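Structure record follows, encoded as structure tokens.
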Amino acid sequence: MPDKSRLRRSISRWANSSDQEARDLRKTYVEPGHDCIADAVDRSRVRLRGTLRTVTLRPRGGVPALEAELFDGSGSITVVWLGRRRITGIDPGVAMAVEGRIGMQDGVRVIFNPRYELIP
């Protein structure tokens with residue numbers, strides 16, 4: 012039985028650290044003048060801030076497309092730059108602000124070709 016309780020404690024610590032990270036990100040990125048990803052309305056223009064979790068090259072319709080997952084602690088959204096294989100400075104872990112219109116693609120919320128700014 013001690014192994015089960017140790018496992019539960021480990022899982023609990025991991026879950027709490029993930030929750031704490033999300034709370035910290037919300038405090039950092041959700042501020043006046045920027046929208047919260049979880050509260051942003053589909054088909055509306057938004058200004059979002061967050062950290063890039065992943066960056067991948069994924070062709071769309073035969074055209075190269077750079078995809079990134081932006082996370083602000085409240086939720087995540089996929090950001091896509093069509094016709095781009097690489098953008099200098101766009102890497103996992105980078106903080107950035109994006110501005111654009113939210114759409115839906117295959118059930119996933121996405122912003123195509125947003126204006127963006129890297130946050131130091």
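Note that this note's numbering has the sequence shown beginning at 12, numbered continuously upward.
We put the CB at the ideal spot given by N, CA and C, even for glycine.
Owing to the predicted nature of the structure, the values given are computational and were not obtained by experimental measurement.
Per-residue DSSP class, three states only, for residue i
{"i": "Ser16", "result": "helix"}
{"i": "Asp46", "result": "strand"}
{"i": "Ile98", "result": "coil"}
{"i": "Val105", "result": "coil"}
{"i": "Val74", "result": "strand"}
{"i": "Ile130", "result": "coil"}
Local Cβ density within 10 Å of residue i, reported as buried at 16 or more and exposed below that
{"i": "Ile88", "result": "buried"}
{"i": "Ala51", "result": "buried"}
{"i": "Asp53", "result": "exposed"}
Near the ligand HEM: residue i beta-carbon under 8 Å from a heavy atom
{"i": "Asp50", "result": "As presented, the structure is devoid of all ligands, the ligand HEM included, so that no description of it is given."}
Cα-Cα separation between residue i and residue j, rounded to whole angstroms
{"i": "Pro131", "j": "Leu93", "result": "25 Å"}
{"i": "Arg60", "j": "Glu78", "result": "16 Å"}
{"i": "Arg58", "j": "Leu18", "result": "41 Å"}
{"i": "Ser16", "j": "Gly84", "result": "29 Å"}
{"i": "Val105", "j": "Gly118", "result": "26 Å"}
{"i": "Val90", "j": "Thr99", "result": "15 Å"}
Beta-bridge partners of residue i, as assigned by DSSP
{"i": "Arg58", "result": "Glu110"}
{"i": "Ala79", "result": "Val66, Val90"}
{"i": "Val121", "result": "Thr89, Gly114"}
Top-ranked residue by Cα proximity to residue i, from the options
{"i": "Gly72", "options": "Pro103, Gly61, Gln116", "result": "Gln116"}
{"i": "Asp102", "options": "Ile48, Thr62, Arg69", "result": "Thr62"}
{"i": "Arg96", "options": "Ser55, Asn124, His45", "result": "Asn124"}
{"i": "Thr65", "options": "Met107, His45, Asp46", "result": "Met107"}
{"i": "Gly86", "options": "Tyr127, Ala76, Ile122, Cys47", "result": "Cys47"}
Below-9 Å beta-carbon distance, residue i vs any chain E residue
{"i": "Glu78", "result": "No chain E is present in this structure, which holds just one protein chain."}
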